[in-house]
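Take a look at the structure set out below.
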Amino acid sequence: MTPSTPPAHRLRLLDYWWLLELFSPQQVPKRTRPARRGDRRQVIEWRPRQPLPWETLTPEVRRDGTRFVWRHTLYLGVYDLESTYQYLHRAFTNDRDAFDERRGGISACAGVQVDSEGQVVSGSGVLSSSLWAVARLVVHLQRPSSSWGSEFDAAQQGFVAELAERGDAEPGALTSLAHRASGIDAVAELASERVVIESVRVREGGAGDADIDFLNSFFLQDLAAVRQGVATGRCPAALASYLAESGSQVPQAPGGPRIDVMTHDDVVNAGVGADRIPAGRWPSAPHHTLALRQQFAVNRALLDLGPIHGLMGVNGPPGTGKTTMLRDIVAGNVVERARRLAALERADDAFVGQSLRWMSGRHSRVVHALREELTGFEMVVASANNMAVENVSTEIPGAGAIDERWRGRADYFADIASALLAASAPRGEKDGKEPQDPSAGSGALRRHEDGQGRDAEGARRRCAARPAWGLVAARLGSKRNRAAFVSEFWFDKIDWRTRRRRPGTVPRMQSRLRDWARGGAAHPTWQQACASFRQAEQRVAGLVAVRREAQVCRERLGQLRGEQDRADEEMHRLGGLLAEATEGLRGCEQALNEARAQRDVAARVRDRHVQTRPGLLEMLLTLGRATREWRSALAPLDERLRVAEEAEQGLGQQAARLGWQAEALRRELGDAQDVVERLRREERDLRARLADHRERLGRAYPGPQWAGAQRELRAPWLDAELDEARSELFLAALRLHEDFLANAAEKMLESLRAAMEVVSGEAPSTLPEETVRAAWQSLFLVVPVVSTTFASYGRMFARLGPESLGWLLIDEAGQAAPQYAVGAMWRSKRVVAVGDPLQLEPVVTMPRKAMLDIAAAYGVDPLWIPPRASVQSLTDRVSRCGTTLRQGERPVWVSSPLTVHRRCDEPMFSLCNTMAYDGIMISGVGSRANPGDVFDGPDGPRVLRSQWIDVPATKPGSNAQPSQVDRLRILIADLRRQQVSPKRMIAISPFREMAHELEGLTHEYPGLHGGTIHTAQGREADVVFLVLGGDPHRPGAKAWAAQTVNLVNVAASRAKRRLYVIGDRAAWAQHNYFSQLSTALSEGGDGAVRTPS
């Protein structure tokens, strides 16, 4: 059920979020050194009278004749972002006591692209939406309104039109033009003359095909498109739930009222029953079954959400196995699609309808649309967190993601997957700036030739360093990533001299499909492939049937107890009634005998009296008196006899009735005794069968021991035998997909060739949505999962409409601002948001007062405003299954939680569990103390216990405190002497100034990660140093860090073995959450690590 929400509320909300993004520019790229021979990119700050890059950078022609030229992006009127924030503070009332740790950086008033000849690329001009909006506030004294969207579009179009009239790219003139177009020319502080020029080497002929919206928020266009769709009545189920209005009331959850899964054990138990075991499972270690609530979430996703469209949330505190859960969702979907494939008589039956075509230059591109029942399984993992995206993309295909028993045997295009991993960029996508692909344009779909100084041996080394087992996931998103994917997935690595595949490199997908289509590579027939899959499927079905039988027996035994109680009660009731009836019959028969005796006496008395009847003579002599007296005496004797006879008759009838009743009760009692005996026999049979099941299933059987912590630690019914078979079925499903490609190679070759153009962004922009969707569906049939940041999602799937894709799996949903996911939800049938609102909140650059004032103007409730609002928190609102966590005095409803934590030792686990999670988590870590452990041994700790190292803040005017950094150096040195490598350490701080100092330590201690607490999200380490810093004269900075539990929770939950807090204990312990942190940690002295004696 989709919550009913008035369209006006949705439109107001989308308008509001669009306006927030209007004030959210991208940053200008950082400067690099000037380009040298062989470099592909440079970023310079240009100054008047300096030569321009198109005057100094020369084209390059490779040995194979390919010509490369330079494409330039001019960032005009570069300004400090902090300056715009200050104007926003003034416009919306500045809070002087507030502290705001916003991202710094620079952006630009406008940007244009320039070709290698120094001419402005037509249509490439982009005006800064943020600076334009600030001008509306400061110069024109306007308040934000819904008309700003059309007004900004008009300003943008006017800027592009004026650029077209100029043609040449003189930076000073273009900057003045940008100032006038944005309206910022009247604000001297913001009307900067600075110009930054980024130059990228591209293949000639493709220079004009790069993305041109390189300055403003990635989400503006997507939000506008979704708003337009919602305005026309198209609001898919998932998005409709997400935008459900609540006001002062709790919103209605889809499917009914809320269910607290931490108190309603029956709901959870039913949700993980043997009748709900998914057929497929990720090939992890079979003896490591999912925890109870992991399996509950997987089952809800696959079995409840899967058949419908909608939104589901999972609350995943750190270390509780969110990725593990997502992998089982992937496996379940792959198996279900394979089951549908196996139902086809021929592989070619997978395609229906007319082929979808377009022309690419002189070449025709063809997509063969798939049957509807084979679609809807497309899975996109999206996140605002670059680290989360990279983790999913590299972990799922990596050999380490599967158990060692399957390594080397499981092979779903493993060599191509290894090549993709090897080619992965070392850095993640940057949400603030989407990297440009150096070979973007028409060249992105050409063969990747060996002209870049990469030899085959180097490629082989990279593949060996990052081996993969299967092509089950690919990292897409930015244009650079998509081009790299197309190159590694589709095209062989060609030696330009021989025009043949380089020795030692693997054939890519295009070559394999060609070989299959031409009959050059052997493969199973479709019937053989389907039979092999069905064999694996039947094995799982047989094992599941055993567990279902055990569950039926167990449930029947539970029912039997009630039936036995009722049967015993009925037997006792009937026995009592029979005893009463027997006793009544006995009394009745006794009374009947007495009545018969009285009747006999009465009859004898009457008979004697009858015998005394006067004769005729006596009657005459007494003139009839004797007769009259005799008759007078006879009347009462007759009456007495009549009464006695009636009494005898009545008692006889009553005795007969009681006899019949007693006989009936005897029969009923006999039947009841038979029922009791039958139930006892059934109970004995059930107990015997269950004893066999318990012996066979072992810990998987949910017996009396399956309670408390043991219940949380593992889902019922799953054991190594079944989980191994389910994993084998998943691998069989992937083999069936591969065999499908072999048996339908000709059509899939055409479809995937066309899909490569769609993926790389080179397909015509006029293609119908149906064609683009069919192309993507063809790719997802081969690669089940793709990942992207939200920043890149809208561009990658720009031409897809509502509910075009099957699944959106949102990772780290608590870090994503609510508007980020709107476009992705709009395009998805099913959405699973996984995250933790008590970890890092979304990063927001606008002052909160500005956001509140704009929200008031739009009639938007504060609950929709980031950073307190996130994708996770809004999903939690409408999640039917969940629980309530208490944050101080405030109850917070969260989606169904994962509760088994497998990362942190004490005291970090208990601190986070108590402070943030209301005590619902249990530790699944166990003791790690062993003779070879550097942290703890059987005799106790071997390095300093987790503690607070008290170092007062003495330097005013800065949040960076050198004395605390010095103490950190001492700790690191002592830990290194105890064989703890800096690679096992993270040093973080709430403040950017202190984080900058920590980043500097990474040069002294290679392997150490240093940064803000935000940079630690998605990471974990054996040792975490929380270096607090803090200006001693600015208490507002500490109050900012202590506003919510999030920062302390993130810092503590990164630490697996040790947490060392370095800071001014007296100053920080006054603040909420840091006081709990202080209580949990003992106080250290000089910070030295001492070996226990």
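So for the sequence shown, full-length UniProt numbering puts the first residue at 1; every next one is plus one.
For every residue, glycine included, the Cβ atom is placed at its ideal position computed from N, Cα and C.
Residue i - DSSP class collapsed to helix/strand/coil
i	result
H309	coil
E434	Note that E434 scores 40 on pLDDT, short of 50, meaning its location in the model is unreliable; the coordinates nonetheless yield the value given after this. DSSP places E434 in coil when its eight states are reduced to three.
A35	coil
A210	Below a pLDDT of 50, predicted positions are generally treated as unreliable, and A210, at 49, falls in that range; the measurement from the model is reported next regardless. Reduced to three states, the DSSP call for A210 is coil.
S828	strand
L22	helix
A1080	helix
A285	coil
L1028	coil
T1002	helix
S873	helix
P7	helix
residue 1117	The displayed coordinates of the chain run from 1 to 1093. Any statement about residue 1117 would go beyond what the structure contains.
D349	helix
Y793	helix
K1056	strand
Y16	helix
C530	helix
Short Cβ contact (8 angstroms threshold) for residue i with residue j
i	j	result
V187	L809	no
G1029	M994	yes
S129	F152	yes
L127	I106	no
T56	E198	no
E712	L292	yes
I329	V871	no
R421	A468	With the sequence shown as reference, residue 421 is identified as Leu, and Arg is not the correct amino acid for it. Contact: yes.
V78	V28	yes
Neighbourhood of residue i by C-beta, 6 angstroms cutoff - its chain only, sequence neighbours within 5 removed
i	result
K322	G316 and V834
S727	R281 and P283
D415	V506
A484	A423
S589	In the sequence under discussion, the amino acid at residue 589 is Glu, which differs from the Ser named in the question. Here the set comprises A655.
D222	G794 and G823
A817	P842 and P866
V892	L885
Same chain only: Cβ atoms within 7 angstroms of residue i, ignoring 5 sequence neighbours per side
i	result
E724	P286
L344	A350
P952	D1064
P862	L852 and A855
G125	A110, V112, F159, V160 and L163
A456	Confidence is the limiting factor: at A456 the pLDDT is only 41, short of 50, which leaves the residue's position unreliable, though a coordinate-based value still follows. Hits under 7 angstroms: R502, P503, G504 and T505.
A1042	H1071, N1072, Y1073 and F1074
G376	G806 and K829
A338	F533, A733, L736 and H737
G149	W18 and A224
Contacts around residue i, its chain only, beta-carbon distance under 8 angstroms, and the 5 residues preceding and following it disregarded
i	result
S217	E21, L22, S24, P25, Q26 and S129
Q.
Suppose only complete runs of 4+ residues qualify. What are the alpha helix (DSSP H) ranges in the segment 136-203, listed by chain order?
A. 148-166 and 171-182
Q. Does the segment 844-851 come close enough to the segment 795-811 to have 3 or more Cβ pairs within less than 8 angstroms?
A. no
Q: Spell out a yes or no on whether the segment 1046-1061 and the segment 886-906 are touching, meaning 3 or more CB-CB pairs, one atom from each, closer than 8 angstroms.
A: yes
Q.
Please give the ranges of any beta strand (DSSP E) in the segment 811-865, keeping only runs that are unbroken, at least 3 residues long and fully inside the region.
A. 828-835
Q: Would you check if there are 3 or more beta carbon pairs closer than 8 angstroms linking the segment 1058-1072 to the segment 1018-1035?
A: Taking one beta carbon from each stretch, the segment 1058-1072 and the segment 1018-1035 have 3 or more pairs nearer than 8 angstroms; the two touch.
Q: Please confirm if the segment 334-343 is in contact with the segment 730-737, defined as three or more CB-CB distances below 8 angstroms between the two stretches.
A: yes
**Q.** Runs of alpha helix (DSSP H) lying entirely within the segment 611-655, each at least 4 residues, in chain order
**A.** Note on the segment 611-655: whole alpha helix (DSSP H) runs with a minimum of 4 residues are 616-621, in chain order.
Q) Can you list, in chain order, the stretches of the beta strand (DSSP E) that have 3 or more residues and sit fully within the segment 946-972? A) 947-950
Q) Between the segment 356-371 and the segment 749-767, are three or more C-beta pairs nearer than 8 angstroms? A) yes
Q: Inspect the CB distances between the segment 563-571 and the segment 633-643 and report whether three or more fall short of 8 angstroms.
A: No, the segment 563-571 does not touch the segment 633-643.
**Q.** Whole runs of the alpha helix (DSSP H) within the segment 669-722, excluding any shorter than 4 residues
**A.** 708-713
Q. Is the number of C-beta pairs between the segment 938-953 and the segment 1006-1018 that are closer than 8 angstroms three or more?
A. No: fewer than three Cβ pairs fall under 8 angstroms.
(Q) Which runs of the alpha helix (DSSP H) at least 4 residues long sit entirely within the segment 71-97? Give them in chain order. (A) 81-91
Q) Between the segment 590-608 and the segment 646-655, do at least 3 Cβ pairs fall closer than 8 angstroms? A) yes
Q) Would you say the segment 777-786 touches the segment 264-277, given that touching needs at least three Cβ pairs under 8 angstroms? A) no
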